[in-house]
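S.K.: Position one of the sequence shown corresponds to residue 1 (the UniProt record's numbering), numbered consecutively onward.
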Amino acid sequence: AEQLLLDTHSLKSFLLQMPSLDSAIAAKPPTAYVNGVSAAMNKAEMILKVVMSNVETPEDFVEHYSTLLPESNTSELQKVLDMRGVKKVEQTAILQAYRLKFGAAADATPAVPVGMGNSLSATQALNAVVSMAADGLAETTSMKRLEKLVKRNF
Numbered sequence: 001a002e003q004l005l006l007d008t009h010s011l012k013s014f015l016l017q018m019p020s021l022d023s024a025i026a027a028k029p030p031t032a033y034v035n036g037v038s039a040a041m042n043k044a045e046m047i048l049k050v051v052m053s054n055v056e057t058p059e060d061f062v063e064h065y066s067t068l069l070p071e072s073n074t075s076e077l078q079k080v081l082d083m084r085g086v087k088k089v090e091q092t093a094i095l096q097a098y099r100l101k102f103g104a105a106a107d108a109t110p111a112v113p114v115g116m117g118n119s120l121s122a123t124q125a126l127n128a129v130v131s132m133a134a135d136g137l138a139e140t141t142s143m144k145r146l147e148k149l150v151k152r153n154f
């Protein structure tokens, strides 16, 4: 996860410089582009930080998770737990702690098992992070197109 976090930061830097690559004029990229890339990549970085964090108690993990990803839901939490390789028994305790803290609002999107197993390859983890970071963005955004491009190339 640490390497993915470094790679995510490098990818963010590259994407922010991409509009002016091979340009004779050093122009700033459009604000909407910068905001879109920054929002999606910041979310990806936060997801990776949660994946790297220690799980001592379900309550501590939920507190850390909700601090880094305040606009999340149980579905996203379950995806993060799957990426971490947390056993289903332990996931249940963490999901219950999350629901206790946030109530029914936490279930805005139903939690569906991702089925990624207990260990992910780097490609699967990157695809999962990019997918989660792009959630909520419109289909026509450049981040959604980037997500499709990344999935096709891996």
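The beta-carbon is built from N, C-alpha and C at its ideal position, and this holds for glycine as well.
#1: Which runs of the alpha helix (DSSP H) spanning at least 4 residues fall entirely within the UniProt domain "Vps53 C-terminal" (2-86), listed in chain order?
#2: Whose CA, out of A24, Q17, E45, L11, lies closest to the CA of V80?
#3: Roughly how far, in whole angstroms, is the beta-carbon of L77 from the beta-carbon of L95, given that I think they are within contact range, below 8 Å?
#4: Report the rounded CA-to-CA distance for V89 versus D7, giving the unit in angstroms.
#5: Quick check: what's the CA-CA separation for K148 versus K101?
#6: Look at M18 and V51 and say whether their C-beta atoms are less than 8 Å apart.
#7: With C-beta atoms as the reference, is L5 less than 8 Å away from L48?
#8: Is Q17 close to chain D, meaning its C-beta is less than 8 Å from at least one C-beta of that chain?
M.R.: In terms of the structure at hand:
#1: Counting only runs that start and end inside the UniProt domain "Vps53 C-terminal" (2-86), the alpha helix (DSSP H) elements of at least 4 residues fall at 2-17, 31-52, 58-68, 74-84.
#2: Stepping through the sequence shown from its first residue, residue 80 is reached at position 80. Relative to V80, the option among A24, Q17, E45, L11 whose CA is nearest is E45.
#3: Taking the first residue of the sequence shown as position 1, residue 77 is located at position 77. Taking the first residue of the sequence shown as position 1, residue 95 is located at position 95. Contact flag correct, Cβ pair sits at about 7 Å.
#4: Counting from 1 along the sequence shown, the entry for residue 89 is found at position 89. Counting from 1 along the sequence shown, the entry for residue 7 is found at position 7. For V89 and D7, the distance between alpha carbons rounds to 31 Å.
#5: Taking the sequence shown and counting its residues from 1, the one referred to as residue 148 is at position 148. Taking the sequence shown and counting its residues from 1, the one referred to as residue 101 is at position 101. Roughly 34 Å separates the two Cα atoms.
#6: Within the sequence shown, the letter at position 18 stands for residue 18. Within the sequence shown, the letter at position 51 stands for residue 51. With contacts defined by Cβ atoms closer than 8 Å, M18 and V51 do not form a contacting pair.
#7: Translated into the one-based positions of the sequence shown, residue 5 becomes position 5. Translated into the one-based positions of the sequence shown, residue 48 becomes position 48. Contact flag set, yes.
#8: Among the chains in the structure shown there is no chain D, since it carries only a single protein chain.
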